[in-house]
Amino acid sequence: MYRYDEFDARLVRERVAQFRDQVARRLDGSLSEDEFKPLRLKNGVYLQLHAYMLRIAVPYGTLSSRQLRQLALIGEKYDRGYGHFTTRTNMQFNWPRLRDVPEILDLLADVEMHCIQTSGNCIRNVTADHFAGIAADEIEDPRPTAELIRQWSSLHPEFDYLPRKFKIAVTGAEHDRAVVRAHDIGLRILRNAKGEIGYEVMVGGGLGRTPMIAKTIRSFLPKADLLAYLEAVLRVYNLEGRRDNKYKARVKIMVHEIGAEEFARRVEAEFARLDGPAIAADPEEVARIAAYFASPAYETLPARASGFEAAKAENRAFATWASVNLFTHKVPGYAAAVISLKGIGDAPGDITSAQMRVVADLAETYSLDELRITHAQNIVLPYVKKDDLFVVSQTLVEVGLATANAGLITDIIACPGLDYCSLATARSIPIAQALAHRFADEKRQLEIGELNIKISGCINACGHHHVGHIGILGLEKSGQESYQITLGGDATETAAIGEILGPGVPADDVPDAIERIVSVYLAQRTSGETFIEAVRRLGLAPFKAAFLEKTHAPA
Amino acid sequence: MPLLDRNGSKLDDWTISEDGTADAPRILVAFEHLKDALAGNGRGRRIGVAIANTVKADALAPFLNDIDLVSIAFPAYGDGRGFSIAKQLRHAGFKGTLRAAGPLIADQFAYALACGFDEIDLPQAQAARQPVEQWVHAAASISNTYQRGFGAENILDARHAARLARK
Ligand code: SF4
């Protein structure tokens, strides 16, 4: 993984000193509360319902054991002994005190981490495929691109006061695991007819109150042009994006209003006159970054690991975990293991400091010292030898992290909702917990198969409900929580926004409503057909009928 | 209004004359009067223009060789359009003075300099709360940045130089 050189290290240290100074100037009145706000946001400090929240960047979801141990320490010392992984692969602490923040930032700098631009109207933490470097369907590892963008976008003098936040995601594989079409800019690495590697550039995706799927504005961008092209997109947006209404300020609204073609035309015009070489990193710099992501020294192992097979035959629970939570590695004899942070009854994405330390130790011993955080709020050990998996899983069992549900119905994405978030209109964590209890039975989960439920506590859609196979949006209706259910969302390369099934239901009725939807699927699926495939084939009607039947609501 | 540049406070020797009729050695005219002011400028006055951040850099392009200063309005510190306009004007070859006018905060000074601005024209209230020392200090708080620009040393070139030195 990437390591800081002297320049990266100094910039992060100076940024901490700068924030200390900003806090001091806020306290002595030099800065008004309004003026201080964007400064604290761009250092990850967000005012929540009960307290300040600190959001720490985990660039493209990659962490070392040492870094995770430091997060464990921060959770213990400055929070309540746990942290929370978000859908943008960041870590959030919900209870730090403002005056401790500079100290926490110093601790982060000690392990080459920061909170830069994790909030505010600027370019946010870049995300990428969590199986980068290990997926067989990969054209090129997206992490060098993501790291290049991280550096270019950090403290960018022109783009730190944008109309609104700006999120970039990169995938290097055919199968999109980074939800790139739900981002302000999505980049897909591909090969053209001549065999050269470049990017498909998609712009204007985003969820929130106006969900949009990003549109392709350049089908092939040569690699060397990346930063200049991004600069052109951002400049067009910075100059012409709407600033009159916060809810219409994302680039997706601009793309929608003027059309993707016109947007592309303006970007190309700006791009044509930019001084590309002055913006681009030189090839040696690109190579320097890429070298950090070179393939590790794998051992030559047989594809069939006898120890692994024997353990599966002997231990049913392990066999189930292995069949659900492993991802096929491109190198024979290895696997990527998903550690589910969705234990039945847990808050999705939460992890205690003690658990963090255990996971860090496992990564150090069995996964080349590296971990990945996924946008589904789980952790991945990317380089585990199959014969080590049993030991790994047994250690996970001991700390309650061996839930075999990756990709299944209880692997629910949920935002913090009304339990923490000041913008929330309803709770989301308790809904996730109730659903997890309802579908806890392992056999039944396996029978249902792949099904993503995503829950947001308000229209801002941090829980990505629009792209959940089943989406749940918590709203408030005359003082009561009311949950709107959508069906048919898709977060992959076939991205789609889910459609509303009917009127909202009260919290207590959500599990029954989901149950009815699932029964329609189980009754009507053809052999081997997944939930989302069935929804696409059957259309909304049968699900809608089952849903409305019991809500007693007029259709 | 108080004026400052990277060295500290600065005397403003420009005279605001929206319609360009004032008889002064340096006049700052409104964008809509720029053409007339330049046309009638037989007296060797220096001319600058004050623009809103909705004026396109292209609209200024024909005049860039004839004007000495462009003052770009920042209606609020959160409105970053002026940063892009400054970059575009510099890229179009403008060699004169670039002024950012409005309620910026000291922490934006480094960004303004990096985008090609030379000076900041601050409203009185802002200047009173944020003395010039804070601006000079803030401008120097980050010594290297990842982008090539007009401000701090950039990391791309520093790394390149280090590579050459190692060869
Ligand atoms: S979706 Fe709404 S409630 Fe949930 S975290 Fe985002 S803003 Fe808060």
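Line by line, the protein sequences are chains A and B.
In this text, residue positions in the first sequence follow this note's numbering: the first is 19, and each later residue adds one.
In this text, residue positions in the second sequence follow this note's numbering: the first is -1, and each later residue adds one.
Even for Gly, the Cβ is constructed at its ideal location relative to N, Cα and C.
No experiment lies behind these values; they were computed from the predicted model shown.
Outcome for residue i when other beta-carbon atoms lying within 10 angstroms are tallied against a minimum of 16
i: Q169(A); result: buried
i: T346(A); result: exposed
i: N63(B); result: exposed
i: G147(B); result: buried
i: S358(A); result: buried
i: A454(A); result: buried
i: A329(A); result: buried
i: E416(A); result: exposed
i: L205(A); result: buried
i: K472(A); result: buried
i: P240(A); result: exposed
i: T512(A); result: exposed
i: P448(A); result: buried
i: T189(A); result: buried
i: A296(A); result: exposed
i: A121(B); result: What sits at residue 121(B) in the sequence shown is Pro, not Ala. The residue is exposed, with fewer than 16 neighbouring Cβ atoms inside 10 Å.
i: D368(A); result: buried
i: A262(A); result: Just to set this straight, residue 262(A) is Asp in the shown sequence, not Ala. The residue is exposed, with fewer than 16 neighbouring Cβ atoms inside 10 Å.
i: G151(A); result: buried
i: N5(B); result: exposed
i: Y265(A); result: exposed
i: L540(A); result: exposed
Alpha-carbon to alpha-carbon, residue j and residue i
i: F184(A); j: G223(A); result: 10 angstroms
i: T327(A); j: V273(A); result: According to the sequence provided, residue 327(A) is Glu. The question's Thr does not apply to it. Cα to Cα, the separation comes out at about 52 angstroms.
i: L225(A); j: R322(A); result: 42 angstroms
i: E460(A); j: A422(A); result: 8 angstroms
i: A365(A); j: P524(A); result: 20 angstroms
i: V124(A); j: L257(A); result: Before going on, a small fix: residue 124(A) reads as Asp here, not Val. Answer to the nearest angstrom: the Cα atoms are 35 angstroms apart.
i: W113(A); j: R58(A); result: 16 angstroms
i: P560(A); j: A514(A); result: 19 angstroms
i: V68(B); j: A104(B); result: 21 angstroms
i: A450(A); j: D243(A); result: 43 angstroms
i: V269(A); j: S537(A); result: 39 angstroms
i: T145(A); j: P77(A); result: 7 angstroms
i: A278(A); j: V285(A); result: 10 angstroms
i: A573(A); j: E332(A); result: Below a pLDDT of 50, predicted positions are generally treated as unreliable, and A573(A), at 41, falls in that range; the measurement from the model is reported next regardless. Each residue's Cα considered, the two are about 52 angstroms apart.
i: A74(B); j: C113(B); result: 17 angstroms
i: G612(A); j: R375(A); result: The structure shown does not extend to residue 612(A), since chain A is modelled only from 19 to 573, so the question has no answer here.
i: S15(B); j: P56(A); result: 35 angstroms
i: I482(A); j: S474(A); result: First, the amino acid is wrong: residue 482(A) is His here, not Ile. Their backbone Cα atoms lie some 7 angstroms apart in a straight line.
i: G425(A); j: N343(A); result: 8 angstroms
i: I74(A); j: P400(A); result: 22 angstroms
i: F61(B); j: A35(B); result: 11 angstroms
i: Q542(A); j: A552(A); result: 8 angstroms
Residues bridged to residue i (per DSSP)
i: G46(B); result: L26(B), L67(B)
i: P240(A); result: G216(A)
i: R44(A); result: Paired residue(s): none; R44(A) is not in a bridge.
i: D3(B); result: G6(B), E117(B)
i: D508(A); result: A514(A)
i: S500(A); result: L493(A)
i: D368(A); result: H102(A)
i: F345(A); result: A354(A)
i: A432(A); result: I473(A)
i: K233(A); result: V221(A)
i: E156(A); result: A191(A)
Distance cut-off 7 angstroms: residue i Cβ against heavy atoms of ligand 3
i: G223(A); result: Ligands in the displayed structure: ligand 1; ligand 3 is not one of them.
Can you give me, in chain order, the residues of the segment 137 to 158 of chain B that have a beta carbon less than 7 angstroms from any beta carbon in chain A?
S139, I140, S141, N142, T143, Y144, Q145, R146, G147, G149, I153, L154, A156, R157, H158
Entirely enclosed beta strand (DSSP E) segments - the segment 164 to 196 of chain A, minimum 3 residues:
186 to 189
Within 8 angstroms of chain B by C-beta, residues of the segment 30 to 62 of chain A in sequence order
E32, R33, A35, Q36, D39, Q40, R43, G47, S48, L49, S50, E53, P56, L57
The segment 59 to 80 of chain B: which residues have C-beta closer than 7 angstroms to a C-beta of chain A, in chain order?
Y75, G76, D77, G78, R79
Output, in sequence order along the chain, the residues in the segment 298 to 310 of chain A whose CB is closer than 8 angstroms to any CB in chain B.
A299, D300, E302, E303, R306
Taking only beta carbons into account, state which residues of the segment 83 to 106 of chain B come closer than 9 angstroms to chain A, listed in chain order.
I83, A84, K85, Q86, H89, A90, P101, I103, A104, D105, Q106
Contacting positions in the segment 154 to 175 of chain A - beta carbon closer than 7 angstroms to chain B
Q169, W170, S172, L173, H174, P175
Please give me, in chain order, every unbroken run of the alpha helix (DSSP H) with length at least 4 that falls completely inside the segment 245 to 330 of chain A.
269 to 276, 278 to 291, 294 to 297, 301 to 309
Quick check for students: name the residue ranges of the beta strand (DSSP E) that lie wholly in the segment 370 to 404 of chain A, counting only runs of 3 or more.
388 to 391, 397 to 403
Ignoring anything shorter than 3 residues, give me the beta strand (DSSP E) runs that lie fully in the segment 64 to 89 of chain A, in order along the chain.
70 to 74, 80 to 82
Can you give, in chain order, each stretch of the alpha helix (DSSP H) that sits fully within the segment 103 to 156 of chain B and has at least 4 residues?
107 to 112, 122 to 127, 130 to 137
Could you name the residues of the segment 117 to 131 of chain B whose beta carbon sits closer than 7 angstroms to any beta carbon of chain A, in the order they occur along the chain?
R127, Q128
Listed in chain order, which residues of the segment 242 to 271 of chain A have Cβ atoms closer than 8 angstroms to some Cβ of chain D?
No chain D is present in this structure, whose protein chains are A and B.
Taking any Cβ of chain A, which residues in the segment 41 to 59 of chain B have a Cβ under 7 angstroms from it, in chain order?
none
Listed in chain order, which residues of the segment 177 to 196 of chain A have Cβ atoms closer than 9 angstroms to some Cβ of chain B?
F177, D178, Y179, L180, P181
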